[in-house]
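Here the sequence shown is numbered in my numbering, starting from 9 and rising by one per residue. Okay, so here's the structure we're looking at.
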Amino acid sequence: MPRGRQRRGQRPPRDSRPERDLSQWNPKTKLGKLVLGGTITTMGEAIASGLPIREPEIVDILLPETEDEVLDVNMVQRMTDSGRRVNFVITCVVGNKDGFVGLGRARGREVGPSIRRAIDNAKTNMIEVKRGCGSWECGCFRAHSLPFRVVGRSGSVEVSLKPAPQGVGLAVGDVAKSILRLSGITDAWGLTRGHTKTTVNYALAAFEALRKTAAVKVPGGLAERLKIRQGAEQVYVHKLAAASVAAESAAAPEEPELTANGRIEGTDLAEEASEEKKETTEKTEDEADDKVEKP
Ligand SMILES: [Zn+2]
């Protein structure tokens, strides 16, 4: 687990994140209603619809097996009229380990609730990753790695991810490793430049790189040859609508496009990152002690 600026003893126990009761869910967005009503039954369809995923319950229903991981717990302090205010900025990754992964951040005065909100934000910021076997050293034609080389940037950090043959594992830093693992990629080579100790930028850059796999359109023949797979291998179909799916499955799946939502969420994250930078410059003298423990 990457440490970032996290301090000892601040990570709350896992059971502080209770399961949501989905039977009480009353969707407010169009996509939410389509999912609960059973018109949209897979995460691939939800993303292909182009509708923004604004409610985390959508992901809870369509991808019930998601795992989450806290990538960074960052404490920021700010002086106000009434004294010192301590806030936590949490960065979380969520994924089904099979083609879908999301990155989210949240800030708040308490760690536990902020983690829950960061996980929910990650769920509303999911991307569909293209996987494949793009390594000429492998040629196994299983979707275990990246289909081609991708590069992502955030702040000073640049992350380049390359296809690797089976057995290499995730030859990347801890933060990128968590993101790749939850996206379902098991073998990859990574190259990073810049200040990767800034966990947030490292995570954003790795996530942007994965987003590129979704954005690149691959001609059908090549996709077939490289065994490129978009999204999940084992498609989970929302049970409520099992009957209506059979009828719909005849329709050809649409080519998913990079949704406007993804872009907007991405910029939100970047904005928040820069906002945080501002706040860290306002750190008080007490905070200077913390800086010492960083190399
Ligand atoms: Zn391979």
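For every residue, glycine included, the Cβ atom is placed at its ideal position computed from N, Cα and C.
Exercise. For the region 159 to 200, which segments carrying the beta strand (DSSP E) assignment without a break, of at least 3 residues, lie completely within its bounds, in sequence order?
Worked result: If you keep only unbroken beta strand (DSSP E) runs of at least 3 residues inside the region 159 to 200, you get 165 to 171.
Exercise. Run through DSSP, which three-state label would VAL84 get?
Worked result: The count along the sequence shown starts at 1 and reaches residue 84 at position 76. Residue state, collapsed to three classes: strand.
Problem set entry | Any non-hydrogen atom of ligand 1 closer than 7 Å to GLY147 Cβ | By 1-based counting over the sequence shown, the position of residue 147 is 139. It does: the Cβ of GLY147 is within 7 Å (strictly closer) of some heavy atom of ligand 1.
Exercise. Going along the chain, which unbroken runs of the alpha helix (DSSP H) with 4 or more residues stay wholly within the region 27 to 70?
Worked result: Along the region 27 to 70, the alpha helix (DSSP H) occurs as fully enclosed runs of 4 or more residues at 38 to 45, 51 to 56, 64 to 70, listed in sequence order.
Exercise. Secondary structure at ALA151, three-state DSSP: helix, strand or coil?
Worked result: Here residue 151 refers to the residue found at position 143 of the sequence shown. ALA151: coil per DSSP, three-state reduction.
For this session: Work out the CA separation of VAL81 and ILE187 for me, nearest whole Å.
Result: Here residue 187 is taken as the residue at index 179 of the sequence shown, counted from 1. Here residue 81 is taken as the residue at index 73 of the sequence shown, counted from 1. Between the alpha carbons of ILE187 and VAL81 lies a distance of about 16 Å.
Problem set entry | Proximal residues to LYS220 (C-beta, below 6 Å), its chain only, five neighbours per side dropped | Numbered from its first residue, the sequence shown carries residue 220 at position 212. Setting aside the 5 residues that flank it on each side, LYS220 is surrounded in the same chain by VAL158, each with a C-beta closer than 6 Å to its C-beta; the list follows chain order.
Problem set entry | Whole-angstrom distance between GLY58 and GLY52, CA atom to CA atom | Position 44 of the sequence shown, counting from 1, holds the residue named residue 52. Position 50 of the sequence shown, counting from 1, holds the residue named residue 58. Distance between the alpha carbons of GLY52 and GLY58: 10 Å.
For this session: Flag this pair as yes or no: are the beta carbons of GLY107 and ALA130 separated by less than 8 Å?
Result: Here the question's residue 107 lines up with position 99 in the sequence shown. Here the question's residue 130 lines up with position 122 in the sequence shown. No, the pair does not count as a contact, with Cβ atoms beyond the cut-off.
Exercise. Using the beta-carbon count (16 or more within 10 Å), is ARG28 buried or exposed?
Worked result: Here residue 28 is taken as the residue at index 20 of the sequence shown, counted from 1. By the beta-carbon neighbour count (other beta carbons within 10 angstroms, threshold 16), ARG28 is exposed.
Exercise. Does ligand 1 have even one heavy atom less than 7 Å from the beta-carbon of ARG237?
Worked result: In the sequence shown, the residue the question calls residue 237 occupies position 229. Not so, every heavy atom of ligand 1 lies at least 7 Å from the Cβ.
Exercise. Since SER199 and SER168 are thought to touch, with beta carbons under 8 Å apart, how far apart are those beta carbons, to the nearest angstrom?
Worked result: Position 191 of the sequence shown, counted from the first residue, corresponds to residue 199. Position 160 of the sequence shown, counted from the first residue, corresponds to residue 168. First, the residue type needs correcting, since residue 199 is Leu and not Ser in the sequence shown. Sure, about 4 Å apart at Cβ, within 8 Å.
Exercise. Which residues mark the beginning and the end of the beta strand (DSSP E) in which PHE108 is found?
Worked result: Residue mapping note: residue 108 aligns to position 100 of the sequence shown, counting from 1. That run of the beta strand (DSSP E) goes 108 to 116.
Exercise. Can we count ARG92 as close to ligand 1, meaning its CB is less than 7 Å from some heavy atom?
Worked result: For the purposes of this step, residue 92 is taken as the residue at position 84 of the sequence shown. Flag unset: Cβ of ARG92 not near ligand 1.
For this session: Could you check which residue in VAL165, GLN238, ILE127, LEU154 has the C-alpha nearest to that of GLN174?
Result: On the sequence shown, residue 174 is found 166 positions in, with the first residue counted as 1. Among VAL165, GLN238, ILE127, LEU154, the Cα nearest to that of GLN174 belongs to LEU154.
Exercise. Is the beta carbon of ARG157 within less than 7 Å of some heavy atom of ligand 1?
Worked result: The residue you call residue 157 lines up with position 149 of the sequence shown. Checking the Cβ of ARG157 against ligand 1 gives no.
Exercise. Is it true that the CB of LEU218 sits closer than 8 Å to the CB of VAL109?
Worked result: In the sequence shown, counting from the first residue as 1, residue 109 sits at position 101. In the sequence shown, counting from the first residue as 1, residue 218 sits at position 210. Yes; because the gap between Cβ atoms is below 8 Å, this pair is in contact.
For this session: Confirm the yes/no value for this check: CB of PRO72, any heavy atom of ligand 1, distance under 7 Å.
Result: Here residue 72 refers to the residue found at position 64 when the sequence shown is read from its first residue. It does not: the Cβ of PRO72 is nowhere closer than 7 Å to a heavy atom of ligand 1.
Problem set entry | Among ALA126, PRO171, SER164, GLU136, the one whose alpha carbon lies nearest that of CYS146 | As a working note, residue 146 is residue 138 in the sequence shown. Taking each of ALA126, PRO171, SER164, GLU136 in turn and checking the Cα distance to CYS146, the smallest one comes out for PRO171.
For this session: Check whether the Cβ atoms of MET134 and VAL176 lie closer than 8 Å to each other.
Result: The residue given as residue 134 occupies position 126 in the sequence shown. The residue given as residue 176 occupies position 168 in the sequence shown. No; because the gap between Cβ atoms is not below 8 Å, this pair is not in contact.
For this session: Tell me whether CYS100 is buried or exposed, calling it buried when 16 or more other Cβ atoms sit within 10 Å of its Cβ.
Result: The residue given as residue 100 occupies position 92 in the sequence shown. Under this definition CYS100 is a buried residue.
Exercise. For ligand 1, any of its heavy atoms closer than 7 Å to the Cβ of ARG150?
Worked result: Counted from its first residue, the sequence shown places residue 150 at position 142. Shortest gap from the CB of ARG150 to any heavy atom of ligand 1: under 7 Å.
For this session: For ASP128, I'd like the list of residues in its chain whose CB is within less than 6 Å of its CB, leaving aside the five on either flank, ordered along the chain.
Result: Within the sequence shown, residue 128 is the residue found at index 120, counting from 1. Annotation for ASP128: PRO64 place their beta carbon closer than 6 Å to its own, counting only its chain and skipping 5 residues before and after.
Exercise. How is the beta strand (DSSP E) around GLY103 delimited, first residue to last?
Worked result: Numbered from its first residue, the sequence shown carries residue 103 at position 95. Start and end: 91 to 103.
For this session: Quick one: using the 10 Å Cβ neighbour count with 16 as the cut-off for buried, is PHE215 buried or exposed?
Result: Against the sequence shown, residue 215 aligns to sequence position 207. Its Cβ being crowded by 16 or more others within 10 Å, PHE215 is buried.
Exercise. CB of SER153 to nearest heavy atom of ligand 1: below 7 Å?
Worked result: For the purposes of this step, residue 153 is taken as residue 145 along the sequence shown, with counting starting at 1. Distance from the C-beta of SER153 to the nearest heavy atom of ligand 1 is below 7 Å.
Problem set entry | Test item: CB-CB of GLY140 and LYS225 under 8 Å | Translated into positions along the sequence shown, residue 140 becomes position 132. Translated into positions along the sequence shown, residue 225 becomes position 217. The answer is no: Cβ separation not under 8 Å.
For this session: Specify, as a first and last residue, the run of the beta strand (DSSP E) that ILE236 falls within.
Result: Counting from one through the sequence shown, the residue named residue 236 turns up at place 228. It is not in any beta strand (DSSP E) - ILE236 carries neither H nor E in the DSSP assignment.
For this session: Just tell me which of THR194, ALA151, GLY202, SER191 has its CA closest to the CA of SER164.
Result: Position 156 of the sequence shown, counting from 1, holds the residue named residue 164. Minimum Cα distance to SER164 is reached at GLY202.
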